[in-house]
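All letters in the sequence shown, in the order written, are residues 375 to 508 by this note's numbering. For each residue, glycine too, the CB sits at the ideal point set by N, CA and C. Take a look at the structure set out below.
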Amino acid sequence: MDEKAEKLFSEKNLVFVATVMKDGSPQVSPVWANYEDGYVLVNTAEGRIKHKNVLRDPRVAVSVVSKDNPLDMTTIRGVVEELIPDYDYKHADKLTQQYMGREHYPFKRDDEKRIILKIKPNKVFVLPELKMSE
Numbered sequence: 375m376d377e378k379a380e381k382l383f384s385e386k387n388l389v390f391v392a393t394v395m396k397d398g399s400p401q402v403s404p405v406w407a408n409y410e411d412g413y414v415l416v417n418t419a420e421g422r423i424k425h426k427n428v429l430r431d432p433r434v435a436v437s438v439v440s441k442d443n444p445l446d447m448t449t450i451r452g453v454v455e456e457l458i459p460d461y462d463y464k465h466a467d468k469l470t471q472q473y474m475g476r477e478h479y480p481f482k483r484d485d486e487k488r489i490i491l492k493i494k495p496n497k498v499f500v501l502p503e504l505k506m507s508e
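So, in structure tokens, the structure goes:
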């Protein structure tokens, strides 16, 4: 993936993931995510709507926009290739450090099991640097 896109995933930028509902309509969720070894990794909980949707249809779209410059953005179309258990919260903790500067994920619930959506990008669009006219 483009360096600019990778940088967006390494910062405190919210990531938006679109999945496909049973009726074919889109469903979008703001999430924490990172990019690692060729995959976008999205942390969520078992049973959430995005989890249910990707079990049925693994196609997703992902968008990340710089919190500092909305013209600095990337969109991705891809597929969820794997659902990885994050029951030990290691990935959630890593994202908490990235997004909150805290060591541990602060929203743990006893009735919740965290998972990682491992997304393989198929198409990546990086908005070219735009120059504003005077």
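Name, in chain order, the residues that DSSP records as bridge partners for M447. Residue numbering aside, residue 447 sits at position 73 when the sequence shown is read from its first letter. Per DSSP, V439.
Could you tell me the distance, in whole angstroms, from the CA atom of P464 to the CA atom of E477? Position 90 of the sequence shown, counting from 1, holds the residue named residue 464. Position 103 of the sequence shown, counting from 1, holds the residue named residue 477. The sequence shown places Lys at residue 464, not Pro. Cα to Cα, the separation comes out at about 10 Å.
Under the three-state DSSP convention, the category R430 falls into: Here the question's residue 430 lines up with position 56 in the sequence shown. Helix.
Return the CA-CA distance between A392 and V434, expressed in angstroms with no decimal places. Reading the sequence shown from its first residue, position 18 is the one you call residue 392. Reading the sequence shown from its first residue, position 60 is the one you call residue 434. One C-alpha to the other measures close to 6 Å.
Between K424 and V416, is the Cβ-Cβ spacing less than 9 Å? Taking the sequence shown and counting its residues from 1, one reaches residue 424 at position 50. Taking the sequence shown and counting its residues from 1, one reaches residue 416 at position 42. The answer is yes: Cβ separation under 9 Å.
Helix, strand or coil for K424? Go by DSSP, reduced to three states. Position 50 of the sequence shown holds residue 424. Of the three classes helix, strand and coil, the one that applies to K424 here is helix, per DSSP.
Are the Cβ atoms of D375 and V498 separated by less than 9 Å? Reading the sequence shown from its first residue, position 1 is the one you call residue 375. Reading the sequence shown from its first residue, position 124 is the one you call residue 498. Looking at the sequence itself, residue 375 is Met, so the reference to Asp does not match. Yes, the Cβ-Cβ distance between M375 and V498 is below 9 Å.
In angstroms with no decimal places, state the Cα-to-Cα distance between L469 and K426. Counting from one through the sequence shown, the residue named residue 469 turns up at place 95. Counting from one through the sequence shown, the residue named residue 426 turns up at place 52. Spanning the two alpha carbons is a distance of roughly 22 Å.
In the DSSP assignment, find the unbroken alpha helix (DSSP H) run with Y473 in it and report its ends. For this step, residue 473 is matched to residue 99 along the sequence shown. Residues K464 to M474.
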